[in-house]
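Read through the structure below, which is laid out as structure tokens, and then see the notes.
Numbering (this note's numbering), first residue to last: 1264 to 1340.
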């Protein structure tokens, strides 16, 4: 993060990371997919078609499910 900030000609003052686990529901269309659609909506809207947005969400869900469930004993938080 520091390199990105300084690379954009800003001065690095301080950086902190806080673990904020949020338990996601397992219901279809909510859970990870809903989280991605909610928080990434403005970025997804840049894709030209619904099919492309859905494919991006599906890919991202797959990545997060694989990483998240491995790190958290099968539950995704």
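From the three backbone atoms N, C-alpha and C, an ideal C-beta is built for every residue, glycine too.
In this structure, residue 1295 places its C-beta atom within 8 angstroms of the C-beta atom of residue 1328. DSSP, read as helix, strand or coil, puts residue 1275 in coil.
The stretch 1268-1280 and the stretch 1299-1313 do not touch, with fewer than three beta-carbon pairs separated by less than 8 angstroms. Rounded to the nearest whole angstrom, the CA to CA distance from residue 1324 to residue 1312 is 19 angstroms.
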